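Trainee:
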Amino acid sequence: MWTVSDEALLAGLGSGDPGAAAAFVDRFQRRVFGMTLSVLRDRQAAEEAAQEAFVRAWRHASTYDPRKGTVAAWMLMIARNVSINMLPSHRPYPVDPEVLLGLQDPGPSQDRTASWHRFPSPCGRR
């Protein structure tokens, strides 16, 4: 069992050290999977999200800043963000290309900007 700090394991992960990478995953896998499962509520999707979270941690290990929080908090934030991005409600919905080009009225269900046009602009213009 690795007894080094979380920061040292993250540095090893980022540098490509296979032993450090395995220890990092071993140390955080339960918490990361728990986070992804709590957001997605689907075991297969949670496993996929957890794997993606570790890949992102590996790719972005050099961006970790200990002044902003612990490695565990940083890792769980990555897992949370990956999970939220995988939620079905965050997937793009199809839009008719003619609506995008302005050749067709989007109709009430696709007119996402109509409600904010009723309020005055903070600059005094509409």
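Last residue of the sequence shown: 137 in the working numbering, with the numbers rising by one and none dropped. Ideal Cβ placement from N, Cα and C applies to all residues, glycine included. Model, not experiment: these values are computed from the prediction.
Using only the alpha-carbon positions, how far apart do R78 and L24 sit?
Mentor: 20 Å
Trainee: Just the Cα atoms here: how many angstroms apart are M86 and P99?
Mentor: 23 Å
Trainee: Answer yes or no: do T47 and A83 have a C-beta to C-beta separation smaller than 8 Å?
Mentor: no
Trainee: Quick one, are the C-beta atoms of A19 and A72 less than 8 Å apart?
Mentor: Their beta carbons are not under 8 Å apart, which means A19 does not touch A72 by this criterion.
Trainee: Starting from L98, follow the alpha helix (DSSP H) in both directions and report where the run begins and ends.
Mentor: Premise fails: L98 is in no alpha helix (DSSP H) and is neither H nor E.
Trainee: To the nearest angstrom, how far is it from the Cα of T112 to the Cα of A31?
Mentor: In the sequence as presented, Thr is not what sits at residue 112; that position holds Leu. Between L112 and A31, the C-alpha separation is close to 51 Å.
Trainee: Considering only their Cβ atoms, is the gap separating V66 from F94 smaller than 8 Å?
Mentor: The identity of residue 94 in the sequence shown is Ser, whereas the question assumes Phe. Not closer than 8 Å, so no.
Trainee: What's the C-alpha gap between R70 and L114?
Mentor: Going from the Cα of R70 to the Cα of L114 covers about 43 Å.
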